[in-house]
Amino acid sequence: MPGLRGRAWRAAISIVLIWPITVVLSGCTEHATRLYKEGRLYVVNNACPHSREEPRWVTVEWEGESILVDPNMDEDGEPTGVGAVLITPASLPGGTEIDFVFNFRFVGEIRSRRLSEVLPSGQKAIIDGDITIDIYSLRWDPSRGLIIDCTARVISGKFDGIHPYPELQ
11 MPGLRGRAWR AAISIVLIWP ITVVLSGCTE HATRLYKEGR LYVVNNACPH
61 SREEPRWVTV EWEGESILVD PNMDEDGEPT GVGAVLITPA SLPGGTEIDF
111 VFNFRFVGEI RSRRLSEVLP SGQKAIIDGD ITIDIYSLRW DPSRGLIIDC
161 TARVISGKFD GIHPYPELQ
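First residue of the sequence shown? That's 11 in this note's numbering, and the numbers climb one at a time after it.
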């Protein structure tokens, strides 16, 4: 029986060495250890305040509906009290990747941006509990009456705060 014992050891060693390599190479470990919590989606409009000449708003296109998000900051950079607007009244499953189109007024015309295209490189909006999308202008300049294009960032939880513009510091 010495030959049988040697073969059993070789089989055991092969399993111990080859199985982990196979799992890693096949990609089976990706997201396997991550459990996401269900949550709701909020959007806060920190782009630019309303002006005397025209309203400045953001709309979010979600499931065929256009949801208006009023400004959360006034001309002095102070909160208006609007806060984050609930986009999904029902919780979404954890791990749901969020992407939508938002619209804003840019120098007299309406512009559209896709969330996935304006998030920082490599960042995704994924439901892991409640999340807020902070839509903000590239530069704070309400005196000129312009929104200087918009971008966004993802914040965990419900965020009612204002955007930390360097111009307001």
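We put the CB at the ideal spot given by N, CA and C, even for glycine. Small disclaimer: the values here were computed from a predicted structure and weren't measured.
When only Cα atoms are considered, Glu107 and Ser166 end up about 14 angstroms apart. In the DSSP assignment, the residues bridged to Leu102 are Gly49. Closest in alpha carbon position to Asp144, among Tyr46, His173, Lys134, is His173. Taking C-beta atoms as the reference points, Leu102 and Ile77 fail to come closer than 7 angstroms. Counting along the chain, Glu127 sits inside the alpha helix (DSSP H) bounded by residues 125-128.
If you look at Cys58, you'll find it isn't in any beta strand (DSSP E); DSSP assigns it neither H nor E. Under the criterion of beta carbons closer than 8 angstroms, Asn55 and Trp67 qualify as touching, at roughly 7 angstroms. Boundaries of the beta strand (DSSP E) harbouring Ala162: 160-166, taken from the DSSP string.
Less than 7 angstroms separates the beta-carbon of Asp84 from that of Pro59. Within 10 angstroms of the beta-carbon of Gly132 lie fewer than 16 other beta-carbons, which makes it exposed. Comparing alpha-carbon positions, the option among Gly105, Tyr175, Pro130, Arg124 lying closest to Arg44 turns out to be Gly105.
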